[in-house]
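Asker: Take a look at this one; I'll ask things after.
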Amino acid sequence: MSETDLPKTESYRGLYTTIGILVGLYVVAVFVLAIWWSQEPAPFNVYDEAVKRLKVTQTEKMPVGYTYANTLAHIAEVILYKPGGYLSNDVAPPGVLLDNIPNWELGALVMLRDATTALRNHFARDQSQSAEDPDLAKAEPYFYYERNSWALPSTEAEYSKGIEALHRYMGRLQDEKARVPANFFVRADNLWQYIEIVIKRLGGLSTRLTASTLLEGENRILAPGVFEDPRQLGEQERSIMEENQTRSLKRTTFFQIDDIFYEARGASWALLHILKATEHDFQSILFDKRAMNTVDIIISSMERSLGPVLSPLFILNGTGYGLFANYSLTMANYIARANAAALDLRDLMNRG
274 MSETDLPKTE SYRGLYTTIG ILVGLYVVAV FVLAIWWSQE PAPFNVYDEA VKRLKVTQTE
334 KMPVGYTYAN TLAHIAEVIL YKPGGYLSND VAPPGVLLDN IPNWELGALV MLRDATTALR
394 NHFARDQSQS AEDPDLAKAE PYFYYERNSW ALPSTEAEYS KGIEALHRYM GRLQDEKARV
454 PANFFVRADN LWQYIEIVIK RLGGLSTRLT ASTLLEGENR ILAPGVFEDP RQLGEQERSI
514 MEENQTRSLK RTTFFQIDDI FYEARGASWA LLHILKATEH DFQSILFDKR AMNTVDIIIS
574 SMERSLGPVL SPLFILNGTG YGLFANYSLT MANYIARANA AALDLRDLMN RG
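So, in structure tokens, the structure goes:
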């Protein structure tokens with residue numbers, strides 16, 4: 274190598290070193306952001322958040338239903354504005370590399386949608402022949418917009434419109450002289466209709482979480498009318514069995530365990546706050562039906578399901594009475610307990 278090539282070699286070496294340092298810093302920054310963004314949002318006090326909203330609107334009156342509506346709006350705000358923002362539609366690192374929080378967002382979003390639908394179709398309507406609230410008629414469809422759209426329009430933009438519509442409804446709920454008054458009806462039949470949906474959601478989550486314990490190749494049939502020996506079946510009966518097989522519950526794979534677990538965590542987080550707001554606004558009915566203790570059982574189960582996860586990297590899925598815990602079964606236990614209490618609550622709301 275000639276002496277004239279040495280400066281050129283040194284310059285290349287310096288360039289490669291600089292590029293290596295920049296790449297290393299980028300990887301470290303992505304890793305740190307990934308850890309930060311993967312933290313689940315902490316629970317909040319539904320009543321305190323309603324009081325904060327009252328200060329924004331510079332009013333003091335908190336009508337019945339205000340806490341419930343504000344809780345829905347704040348849940349949506351947490352989903353959108355937590356550290357890292359909304360991650361389900363990210364197309365760049367580190368958001369695109371994460372899956373725990375996007376699944377958490379899915380679980381919380383499903384519960385938010387159900388509660389908003391209940392507000393629009395049941396809580397804010399006096400009877401089936403009454404007109405629906407104009408702002409709630411706008412808020413609900415915004416929250417049902419596809420959850421992974423990053424542009425034209427983005428998911429965040431549509432959900433923000435839903436939050437604004439909820440705030441408009443809350444403003445009219447406070448204003449007794451509003452041109453179009455807002456309503457919130459505290460009735461047992463309204464609450465019963467919402468609890469019916471909650472029961473189905475909790476039952477579905479519990480079933481999917483429990484599927485982590487199925488043996489390899491084992492399917493658990495969920496539908497009735499299943500025959501064990503297809504050789505003894507007629508053509509019609511065989512078609513029934515094949516249809517049921519398509520609806521069988523298959524074992525949760527290793528790659529699905531954390532997805533379902535964090536979806537259940539997000540659903541539990543959102544439902545916890547919705548039930549606390551329901552307990553506040555429906556307390557007269559709950560006391561009259563002697564159902565307050567039942568609601569407290571559901572809330573307590575949701576709180577326990579959100580305990581800290583000690584495994585830093587993986588959702589453990591131990592078998593039987595082995596050395597390692599089974600996080601899915603632990604989560605399913607709390608959700609199943611809440612589901613049983615929700616069934617009791619539904620029955621209490623049905624009683625005269």
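Quick note: the sequence shown uses the working numbering, first residue 274, plus one each step. Ideal placement from N, C-alpha and C gives every residue a C-beta, glycine not left out.
#1: What does DSSP give as the partner residues of Asn250 in its beta bridges?
#2: For Tyr594 and Arg474, I'd like the C-alpha separation in whole angstroms.
#3: For my contact list, Leu618 and Thr551 are in at a C-beta cut-off of 8 Å; report their separation, rounded to the angstrom.
#4: Is the distance from the Cβ of Ala346 to the Cβ of Ile436 below 9 Å?
#5: Expressed to the nearest angstrom, what Euclidean distance is found between the alpha-carbon atoms of Gly539 and Ser479?
#6: Please list the terminal residues of the continuous alpha helix (DSSP H) segment that includes Ser361.
#7: Short of 6 Å in beta carbon distance, which residues of its chain neighbour Ala424, apart from the five on each side in sequence? Order them along the chain.
#8: Keeping to the same chain, check which residues put their C-beta closer than 6 Å to that of Tyr359; ignore five residues upstream and five downstream.
#9: Counting along the chain, where does the alpha helix (DSSP H) carrying Glu469 start and finish?
#10: Looking at Ala611 and Met575, is the spacing between their C-beta atoms short of 9 Å?
#11: How big is the Cα-Cα spacing for Ser573 and Thr332?
#12: Tell me, to the nearest whole angstrom, how far the beta carbon of Gln217 is from that of Pro356; I am working on the premise that it is less than 8 Å.
#13: By the 10 Å Cβ neighbour count, where 16 or more other Cβ atoms means buried, how is Gly287 classified, buried or exposed?
#14: So, for Glu501: in the same chain, excluding its five sequence neighbours on each side, which residues have a beta-carbon less than 6 Å away from its beta-carbon?
#15: I think Ala609 touches Ile571, with their Cβ atoms under 8 Å apart; what is that distance to the nearest whole Å?
#16: Cβ of His626 within 9 Å of Cβ of Gln447?
#17: Skipping 5 residues on each side, what residues in its chain have a beta carbon closer than 6 Å to that of Asp363?
#18: Please report how far the alpha carbon of Ile308 lies from the alpha carbon of Val301, in whole angstroms.
#19: Counting only C-beta atoms, is Ala315 closer than 9 Å to chain C at any point?
#20: Consult DSSP for Thr551 and reduce its assignment to one of helix, strand or coil.
#21: Would you report the Cα separation of Phe560 and Asp372, rounded to the nearest angstrom?
#22: With distances taken from CA atoms, which of Ile530, Ala461, Tyr442, Pro581 is nearest Arg326?
#23: How is the alpha helix (DSSP H) around Asp399 delimited, first residue to last?
#24: Would you mind giving the Cβ-Cβ distance between Phe458 and Asp399, rounded to the nearest angstrom? I have them listed as a contact below 8 Å.
#25: Ala438 and Ala455 look like a contact to me (Cβ under 8 Å); what is the Cβ gap, rounded to whole Å?
#26: Are the beta-carbon atoms of Leu392 and Ala349 separated by less than 9 Å?
#27: Just to confirm the assignment, what range does the alpha helix (DSSP H) spanning Tyr354 have?
#28: Extract the residue ranges of the alpha helix (DSSP H) inside the region 371-457, only unbroken runs of 4 or more that lie entirely within it.
#29: Does Lys328 come out as helix, strand or coil in the three-state DSSP assignment?
#30: Label Val351 either buried or exposed according to how many other C-beta atoms from any shown protein chain fall within 10 Å of its C-beta, with 16 as the threshold for buried.
#31: Using alpha carbons as the reference points, say which of Ile468, Met565, Arg577, Val582 lies closest to Met384.
Answerer: In short, the structure shows the following:
#1: Outside the modelled stretch of the chain, which goes from 274 to 625, sits residue 250, for which no answer is possible.
#2: One Cα belongs to Tyr594, the other to Arg474, and the distance between them is close to 29 Å.
#3: Contact doesn't hold; Cβ gap of about 10 Å is too wide.
#4: yes
#5: Their Cα atoms are separated by approximately 14 Å.
#6: Ser361 -> no alpha helix (DSSP H), and no H or E assigned at all.
#7: none
#8: Within the same chain, Cβ atoms closer than 6 Å to the Cβ of Tyr359 are found at Leu353, Glu429, the five residues on either side in sequence being excluded.
#9: 461-483
#10: yes
#11: 32 Å
#12: No answer is possible for residue 217: the residues shown for the chain start at 274 and end at 625.
#13: Exposed is the label assigned to Gly287, since fewer than 16 other Cβ atoms lie within 10 Å of its Cβ.
#14: Residue confidence is low: Glu501 scores 45 on pLDDT, short of 50, so the model does not pin down where it sits. No coordinate-derived value is stated.
#15: Wrong, their Cβ atoms sit about 12 Å apart, outside the cutoff.
#16: For residue 626 there is no data in the structure shown, the boundaries of the chain being 274 and 625.
#17: Val369
#18: 11 Å
#19: Included in the structure is just one protein chain, with no chain C present.
#20: Helix, per DSSP.
#21: 42 Å
#22: Each of Ile530, Ala461, Tyr442, Pro581 was checked against the Cα of Arg326, and the nearest Cα belongs to Tyr442.
#23: Counting along the chain, Asp399 sits inside no alpha helix (DSSP H), nor does DSSP assign it H or E at all.
#24: 6 Å
#25: The Cβ separation is near 12 Å, so there is no contact.
#26: no
#27: Tyr354: member of the alpha helix (DSSP H) spanning 339-354, first to last residue.
#28: 373-391, 407-416, 428-447
#29: helix
#30: buried
#31: Ile468
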